[in-house]
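Read the structure below first, then the notes.
In the working numbering, the protein residues as written are 677 to 970.
The structure is reproduced here in structure tokens:
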């Protein structure tokens, strides 16, 4: 058994305070418990974040994977990234269609190529050629957000839904990893890519900290995202809490909102947000898991 581990999950910062999130809370509680069991049995950080994010994608409860939001042309394009802090290797995909678990495609980019990011049809062909599960009937596969009808995916209100899923983990060998996945903004312009698949912005892991971001991608890109957090710590002497809050202040100054989950090499976790809420969960060896929405 592994004595020391920690893992945090998020299901996005796109929270409506008036909505009933009991199904989401139940899912996060079950998932974080299963994550803890796997990490307690010795699962590595990189495998843990990939598995956790794939489960979040598959549920259809979040704006990623099965819950992804169609764009202004009525089809789904997904982005995902994953990074292994121990090796410094990262992989990502963007504007990806037809692949059921985008995070799996991102992991294949990390493992099987010398590249960091593959886009569009090239990413799709690569993922399918390497055995990723294909989405068959899109209308049957995607579980659309509450209030969106399956019959006509082209008549959508831009900005109705946004969100992302992510995981950060520290394993018993002291290795950190992060993974993030999104279907993007509902009604977004076809081809739009936000911060999620950009290593160092929406997703980052090194030997000291792992970070996964969620929110309005353009504002996170302008604010510097995950690497701004690490820079504030390395060069500004800020704590993890201060650095995360400072980056979110910069996001707000650029007209955005959102949040992040961050985990350092000691197992310390922060999960700040400046949006109405953020779906989140955390587990650490020897402690009861935490799940929260608001």
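Where is the CB? At the ideal position from N, CA and C, for every residue including glycine.
query: Helix, strand or coil for residue 714 per DSSP?; result: helix
query: Would you call residue 815 buried or exposed, if buried means 16 or more other Cβ atoms sit within 10 Å of its Cβ?; result: exposed
query: Quick check on the burial criterion: 16 or more other C-beta atoms within 10 angstroms. Buried or exposed for residue 789?; result: exposed
query: Tell me the residue span of the beta strand (DSSP E) that contains residue 851.; result: Careful: residue 851 lies outside any beta strand (DSSP E) and carries neither H nor E.
query: Taking 6 Å as the limit between beta carbons, can you name the residues of its chain near residue 836, skipping five residues before and five after?; result: With a pLDDT of only 42 at residue 836, under 50, the local geometry of the prediction cannot be trusted, and no value is derived from it.
query: Buried or exposed, going by whether 16 or more other CB atoms sit within 10 Å of the CB of residue 808?; result: buried
query: In the structure shown, what three-state DSSP assignment does residue 961 receive?; result: coil
query: What number of angstroms, rounded off, separates the C-alpha of residue 948 from the C-alpha of residue 936?; result: 6 Å
query: Is residue 739 helix, strand or coil when you go by DSSP?; result: coil
query: Have a look at residue 690 and residue 738 and give me their C-alpha separation to the nearest angstrom.; result: 9 Å
query: If you run the structure through DSSP and keep just helix, strand and coil, what is residue 698?; result: helix
query: Give every residue of the same chain whose Cβ lies closer than 8 Å to the Cβ of residue 685, excluding the five residues on either side of it in the sequence, and list them in chain order.; result: 704, 707, 708, 711, 728, 732, 841, 842, 843, 937, 956, 957 and 958
query: Counting Cβ pairs, one atom from each stretch, are 3 or more of them under 8 Å apart for the region 767 to 784 and the region 867 to 879?; result: yes
query: Indicate whether residue 899 and residue 909 have their beta-carbon atoms separated by less than 8 Å.; result: no
query: Where do the N-terminal and C-terminal ends of the alpha helix (DSSP H) with residue 895 fall, by residue?; result: 893 to 899
query: Apart from the five residues just before and just after residue 896, which ones in its own chain have a Cβ nearer than 7 Å to its Cβ?; result: 871, 877, 878, 889, 927, 932 and 934
query: Which one of 755, 916, 687 and 869 has the shortest CA to CA distance from residue 894?; result: 869
query: Under the DSSP definition of a beta bridge, which residues are partnered with residue 884?; result: None, per the DSSP bridge assignment.
query: Does residue 940 come out as helix, strand or coil in the three-state DSSP assignment?; result: strand
query: I need the DSSP call for residue 827, collapsed to helix, strand or coil.; result: Note that residue 827 has pLDDT 48, beneath the 50 cutoff, so the model's placement of it is unreliable and the number below is only indicative. Correct three-state label for residue 827: coil.
query: Is it the case that the Cβ atoms of residue 761 and residue 881 are separated by a distance below 8 Å?; result: yes
query: So what's residue 769 in DSSP terms, helix, strand or just coil?; result: strand
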